[in-house]
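Let me begin by presenting the structure, written as structure tokens, before commenting on it.
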Amino acid sequence: MANILSILTSAGTSLAAQQEVTATASNNIDNANTPGYSRQTAVVTDLAPTDTVGGTVVGGGATVTTVTQARNRFLEAQIPQALAQAAQSSAESDALASLATFNTGTDASSGSSTTTGGALSTAISSFYSSLSAVAQDPSDPSLRSAAFGEAQALAQAFNTTSEDIASSRSALDTQASGLVGEINAAAAAVAQLNGEIQEASAGGTPPNDLLDQRQTQLDTLATLTGGTPLTTSQGYVNVMLPGGIALVAGTSAGSLSTQPDPTNGGHLGLVLTQPGGTSTIAIADAGVGGSLGGTLAARDGALATAAAQVDELASDLSAQLNTVNEAGYGLDGSTGLALFTTGPTVTGAAGAMALALSNSDQLALSATSGATGDATNAQALVATQSAALSGGEDVTSTLSSITSQFGTAASDAQALSTQDSALSANLQTQRASYSGVSTDEELITLQSAQRAYEAISKVITTTDTMMDYLLSMTNITT
Amino acid sequence: MRVSDSVIFQNATQNTQAAESAVQRATEVASTGLKVQTPSDAPSAAGLIVTYSMQSSRYTAIASGAQAASSELSAASSALNDISTQLSQAKQLAMEYASSGTSQQSAAGVTQANSILSQILADLNTSFGNRYLFGGTLDGAPPFDAAGNYQGNASVRQVEIAPGVYEPSSVDTSTSILGSGGGTNVVTALQSLSTAIASNDPTQVQAVISSLDASINQVAGASAQAGVSMSTFNSAVTTATQTASNYTKATSNLSDADVVASSIALQAAQTALQASLSATAQSFKLSLVDYLPS
């Protein structure tokens, strides 16, 4: 038969179990808003029977055998890639959206405000309009001055456009440097947590909070680098970059750094000091994903393409105008003069473009020396607007194509970002649904534990009364 | 689906951000009146806006040049008309002198003939703006000196009336005045008249009349040619202005937002945001904490 003391012992154990349930629920509520926290559950089981009553076993109360985490491995396996893709497309989209040089503008010169292409388009139009005006009266000093001024403005517009694109690319270098610092910190944290988790797991107790912290860092690394976590047989989680190179291996973390790449105009390239060693390896743009990959993709993708196209346009247009200007005669009799200089190479031509003439009299508008009213060469200069450049299209179509291509790249990145963000958000919502804390649930658990605690307390009180009664029968007072 | 606190807050954040983003975009469109502000808004439209706006500028410039050329030709035409009148007076003088020339009439006739010549030379030295209209492409000096010698050249200026298409914008002095290519030199004819009258030789004067007739026809031809060119330039102005306007309209169609549609879109976005905020606030209100005894 069951003895009274065993009832008290069971009740005491059960009280402790309910306290642990309460403590677990309390911890869940405390961490309801902690990023990466997975709700925990105190697993209460009944204790093995110690007594028998009429041949029937009577349980020995309840105890908490373990505290588990609510984690869905299937969801968690999908999240790193989703985070990486969303971060990559978002970084690329944001980077391309920051370039305003090809945005539409407005022109109020005609009295009513009309939409125009970007600043470069307006400058090219104004330059050719001024040439067209002076071609009607090439000896008019005010028209010559206007054309000279518009030529200067055209060179400046190319300079500004080139500078805008270069600034955007340089800003992405700075952003990449900042990201590298965050990546190294997260990689070091994962490596350290790998060690701590293995140590803590040796005792047989799952280190839930450490696991949460590691998961948070893994999410960070996936977001920043596109790194994929791989669990090893030792319980470590290694992180592999998209290029297949390890960033974290066991308790060792690699370290990314940046250094100017002379083959890419001095923009920063990535170098990885591999985990557990001192050897370094250059990482190509495609070797990283996430925010860093998106940043580099924007810098060396659409922005680099736009920069090269604008350089080529500046070089081609200058070459055409120079050929015509060199063949004509200025008002001062000068001939053989180039209109623009663009530097020694096509690369950088837009940034280096400058007016080569010192005054408006040197504009070679005449095809005959001394024929001040001859506009034959001015008309030839105007005609370059319709002449095919090296790409086979005239200046208008070329600029239109550059604008359109950049717009397509930015639009595609934007659409991809929206799509990837939705996918990532959906997976994170599912994870939050599975692993997140519901304060209502926890309050119910608290109420449940409180009720149980009260009932068990009643058992103790009752048992104590029984004990008192028994003892009073034997005149033993307690 | 199990609803945790994180789910509520994540959904609230995402839905509110999406609604606020939609309001922001709708506000931009409604306030600027532009539906294409960046190339990514509509890449192909952005490319076309570049093309259309540059073409619009191109045709505006052509219209402007053609208008200036037309004005210049109008001045040249006036000068030619006056030359034509002067030549008719010269012919009248020659006919009068040829039929009843006297020595008394000779001195007055010479004076009159020289006066006509001076007037015609003045007409031929007409300037418009900063240049002389009958000097070919030599703008810097009067094309005829006091003795009637031509200082200009035989070139004819041209002005663009459509991309790559040019129309003469000045009078061909060498043929219409100087008689190059088998014509009559108007100045020389007048000088001959003066000389014939001065020599009191009606026969010689009679011989000059045919030269004056040819001169009158030549100048009339030049005037007609100027008129044709003026008409061409005026048509070009109309056409180029219309074409520029068409390109501007096409740009506007691509870039401008429909005012009514953008206002409705803004209102719809604001309503959606209000609904999102209201729903979010409601979802925050529901908590067991509020119902448990303290």
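In order, the protein sequence lines correspond to chains F and R. 1 is the number of the first residue of the first sequence in the working numbering; add one for each residue after it. 479 is the number of the first residue of the second sequence in the working numbering; add one for each residue after it. All C-beta atoms in this analysis are idealised placements derived from N, C-alpha and C, irrespective of residue type, glycine included. Note that the structure is predicted; figures quoted are calculated from it, not measured.
Min CB distance residue i to chain R below 9 Å
i	result
residue 328(F)	no
residue 214(F)	no
residue 129(F)	yes
residue 454(F)	no
residue 320(F)	no
residue 468(F)	no
residue 39(F)	yes
residue 102(F)	yes
residue 399(F)	yes
Residue i, buried or exposed, once every other Cβ within 10 Å from all chains shown has been counted against 16
i	result
residue 132(F)	buried
residue 101(F)	buried
residue 181(F)	exposed
residue 578(R)	exposed
residue 462(F)	exposed
residue 219(F)	buried
residue 392(F)	exposed
residue 480(R)	exposed
residue 233(F)	exposed
residue 183(F)	buried
residue 277(F)	exposed
residue 681(R)	exposed
residue 237(F)	buried
Contact list for residue i against chain R, beta-carbon separation under 9 Å
i	result
residue 437(F)	482, 483 and 484
Under 9 Å between C-beta atoms of residue i and residue j
i	j	result
residue 268(F)	residue 394(F)	no
residue 671(R)	residue 571(R)	yes
residue 241(F)	residue 258(F)	no
residue 613(R)	residue 630(R)	yes
residue 620(R)	residue 633(R)	no
residue 371(F)	residue 307(F)	no
residue 387(F)	residue 376(F)	no
residue 293(F)	residue 244(F)	no
residue 486(F)	residue 156(F)	The first residue shown for chain F is 1 and the last is 478, placing residue 486(F) beyond what the model contains.
residue 525(R)	residue 342(F)	no
residue 437(F)	residue 483(R)	yes
residue 734(R)	residue 512(R)	yes
residue 69(F)	residue 435(F)	yes
residue 704(R)	residue 558(R)	yes
residue 642(R)	residue 653(R)	no
residue 628(R)	residue 665(R)	yes
residue 189(F)	residue 213(F)	yes
Chain F contact for residue i (CB, 9 Å cutoff)
i	result
residue 527(R)	yes
residue 639(R)	no
residue 620(R)	no
residue 775(R)	Any answer about residue 775(R) is impossible in this case: the structure gives chain R only from 479 up to 772.
residue 628(R)	no
residue 762(R)	no
residue 647(R)	yes
residue 547(R)	yes
Neighbouring residues, chain F, relative to residue i (Cβ below 8 Å)
i	result
residue 655(R)	Near residue 655(R) there are no residues of chain F at all, since even the closest Cβ is about 17 Å away, more than 8 Å.
residue 503(R)	Near residue 503(R) there are no residues of chain F at all, since even the closest Cβ is about 12 Å away, more than 8 Å.
Contact set between residue i and chain C, taken where Cβ atoms lie within less than 7 Å
i	result
residue 617(R)	Here chain C cannot be found, since the structure's protein chains are F and R.
Contacts of residue i in chain F (Cβ-Cβ under 9 Å)
i	result
residue 634(R)	Those do not exist, as residue 634(R) stays about 10 Å from chain F at its closest Cβ, beyond 9 Å.
residue 495(R)	Under the 9 Å cutoff, chain F gives no residues; its nearest Cβ is about 10 Å from residue 495(R).
Partners in chain F for residue i, counting only beta-carbon separations shorter than 7 Å
i	result
residue 521(R)	404, 407, 408 and 411
residue 492(R)	425
residue 829(R)	Because chain R spans 479 through 772 in this model, residue 829(R) falls outside it and cannot be assessed.
Cross-chain neighbours of residue i in chain R, by beta carbon under 8 Å
i	result
residue 382(F)	638
residue 114(F)	531, 534, 726, 729 and 730
residue 97(F)	516 and 518
residue 11(F)	Near residue 11(F) there are no residues of chain R at all, since even the closest Cβ is about 26 Å away, more than 8 Å.
Contact set between residue i and chain R, taken where Cβ atoms lie within less than 7 Å
i	result
residue 392(F)	Within chain R, no residue comes near residue 392(F); the closest Cβ sits about 16 Å away, beyond 7 Å.
residue 124(F)	532
Tell me whether the stretch 92-110 of chain F and the stretch 392-412 of chain F touch, counting them as touching only if at least three CB pairs, one residue from each stretch, are closer than 8 Å. yes
Would you call the stretch 366-381 of chain F and the stretch 275-286 of chain F in contact, with 3 or more CB pairs under 8 Å? no
Are the stretch 410-429 of chain F and the stretch 320-336 of chain F touching, with three or more C-beta to C-beta distances below 8 Å? no
Should the stretch 725-737 of chain R be regarded as contacting the stretch 704-715 of chain R, the criterion being three or more beta carbon pairs within less than 8 Å? no
Under 8 Å, with one C-beta from each stretch per pair, do the stretch 438-450 of chain F and the stretch 492-503 of chain R reach the 3-pair mark? no
Cβ pair count under 8 Å reaching 3, the stretch 8-20 of chain F against the stretch 436-445 of chain F: no
So, do the stretch 734-747 of chain R and the stretch 501-515 of chain R have three or more beta carbon pairs nearer to each other than 8 Å? yes
Does the stretch 312-330 of chain F come into contact with the stretch 196-206 of chain F, if we say contact requires no fewer than three beta-carbon pairs (one atom in each stretch) closer than 8 Å? no
Just checking, does the stretch 636-643 of chain R make contact with the stretch 528-542 of chain R on the three C-beta pairs under 8 Å criterion? yes
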